[in-house]
Amino acid sequence: MSQIVVNAKNIYKIFGKKHENQFSALNDVSFTIKKGEFVGVMGPSGAGKTTLLNVISTLEKPTNGTVEISDVEITKMKQRELDDFRSTQLGFIFQDFNLLENLTVYENIALPLSLQGVSSRKIKPRVETVAKKLGIESILEKYPATISGGQKQRAAAARALVHEPAIILADEPTGALDSKNAKSLMEALVDLNRRDEVTIMLVTHDPLSASYCKRILFIQDGLLYKEIYREGSTNEFHQHILNVLSEFATTDVDE
Ligand SMILES: Nc1ncnc2c1ncn2[C@@H]1O[C@H](COP(=O)(O)OP(=O)(O)O)[C@@H](O)[C@H]1O
Ligand SMILES: [Mg+2]
7 MSQIVVNAKN IYKIFGKKHE NQFSALNDVS FTIKKGEFVG VMGPSGAGKT
57 TLLNVISTLE KPTNGTVEIS DVEITKMKQR ELDDFRSTQL GFIFQDFNLL
107 ENLTVYENIA LPLSLQGVSS RKIKPRVETV AKKLGIESIL EKYPATISGG
157 QKQRAAAARA LVHEPAIILA DEPTGALDSK NAKSLMEALV DLNRRDEVTI
207 MLVTHDPLSA SYCKRILFIQ DGLLYKEIYR EGSTNEFHQH ILNVLSEFAT
257 TDVDE
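Just so it is clear: in the sequence shown, position 45 is 51 by this note's numbering, and no numbers are missing.
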């Protein structure tokens with residue numbers, strides 16, 4: 007099996023119908039992500055970051071171009087196949103957690119497996135293992151309303167991981183967290199990436215969160231503007247990221 011998890015070739019995304027107001031959100035974006043990479047996507051507001059993540063995550067079909075995930079071309083799939091592919095091969099973390107309020111943390115984490123029809127006997131050890139990795143073993147019986155934002159995002163990360171997806175896709179996962187919880191979530195993701203070779207693609211406007219990634223793709227106006235790799239410490243990488251961001255013509259980075 008190839009070690010390429012994501013192979014995106016010549017991706018275009020045009021919103022709007024022909025002969026109407028069309029908007030080109032992505033203009034010929036190509037990149038690959040190898041197994042075990044931890045990739046951040048940054049760029050000014052409106053640059054196309056979320057669109058790019060949605061194309062990779064099968065939520066949005068590109069107007070042109072192809073996306074392969076684990077050697078499977080998702081851009082040709084029908085809706086049913088896509089739903090199936092998404093629920094088995096992808097793990098999602100959202101800014102606002104997206105936990106179901108009437109389910110316990112345990113049940114939320116178990117959901118991707120129960121939806122696939124995995125037996126509860128097999129689910130239990132898997133939920134317990136991921137909960138332990140994220141340090142939330144002690145809150146499994148609680149309901150989302152009774153836990154902190156940091157704990158919610160760890161529960162969401164455990165849910166994203168429990169079915170051992172090919173890649174975890176996260177859009178602004180630290181966007182709703184204070185800086186202490188943001189740091190702790192990023193450290194947890196770094197651990198998963200290092201220890202278990204979990205492949206992660208993460209969109210963030212926050213240079214500090216981004217500094218935990220190993221590679222950053224910068225996009226501007228729907229184009230890949232630059233990519234950089236982390237060589238030294240997160241502190242050094244943080245500075246490097248700030249330098250690149252300051253090169254953008256606009257200072258209008260998402261707030
Ligand atoms: N469904 C849509 N219909 C029309 N335009 C859209 C749609 N989604 C995004 N866009 C436009 O595409 C551009 C990129 O959006 P987005 O990917 O959300 O940017 P980012 O996440 O980098 O802020 C923006 O100008 C946005 O207005
Ligand atoms: Mg966005």
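We put the CB at the ideal spot given by N, CA and C, even for glycine. Because the structure is a prediction, the values reported are computed rather than measured.
Quick check: the Cα distance between residue i and residue j, rounded to an integer number of angstroms?
i, j, result
"Leu-230", "Leu-223", "7 Å"
"Met-48", "Thr-210", "6 Å"
"Val-124", "Ile-115", "13 Å"
"Lys-24", "Asn-16", "20 Å"
"Tyr-235", "Ala-164", "27 Å"
"Lys-128", "Tyr-112", "14 Å"
"Asn-27", "Phe-21", "8 Å"
"Glu-87", "Thr-94", "11 Å"
Put residue i into one of helix, strand or coil per three-state DSSP.
i, result
"Ile-153", "coil"
"Ser-30", "strand"
"Met-207", "strand"
"Met-192", "helix"
"Ala-161", "helix"
"Asn-13", "strand"
"Phe-37", "strand"
"Leu-167", "helix"
"Asn-249", "helix"
"Val-45", "strand"
Just checking residue i against ligand 2 - is the residue's beta carbon closer than 7 Å to any of the ligand's heavy atoms?
i, result
"Lys-186", "no"
"Thr-1", "Residue 1 lies beyond the range of the chain shown here (7 to 261); nothing can be said about it."
"Val-209", "yes"
For residue i, which residues from the same chain have a beta carbon less than 7 Å from its beta carbon, with the 5 sequence-adjacent residues on both sides left out?
i, result
"Thr-56", "Asp-177, Val-209"
"Leu-58", "Leu-32, Val-35, Val-47, Ile-225"
"Lys-158", "Phe-103, Leu-105, Pro-150"
If you check the beta carbons only, do residue i and residue j fall under 8 Å apart?
i, j, result
"Ala-188", "Ser-215", "yes"
"Ser-76", "Ala-162", "no"
"Asn-199", "Phe-44", "yes"
"Gly-228", "Ser-190", "no"
Give a single yes or no on whether residue i has its beta carbon closer than 7 Å to a heavy atom of ligand 1.
i, result
"Ser-215", "no"
"Phe-100", "no"
"Ala-163", "no"
"Phe-254", "no"
"Ala-53", "yes"
Between which residues of its own chain and residue i is the CB-CB distance below 8 Å, once the five residues before and five after are set aside?
i, result
"Asn-241", "Ser-217"
"Ser-63", "Arg-92, Leu-96, Phe-98, Leu-175"
Quick one: residues in its chain with C-beta nearer than 6 Å to the C-beta of residue i, no 5 flanking neighbours on either side, listed in chain order?
i, result
"Glu-143", "Ala-137"
For residue i, verify whether its CB is less than 7 Å away from any heavy atom of ligand 4.
i, result
"Ala-176", "Ligands displayed in this structure: ligand 1 and ligand 2; ligand 4 is not among them."
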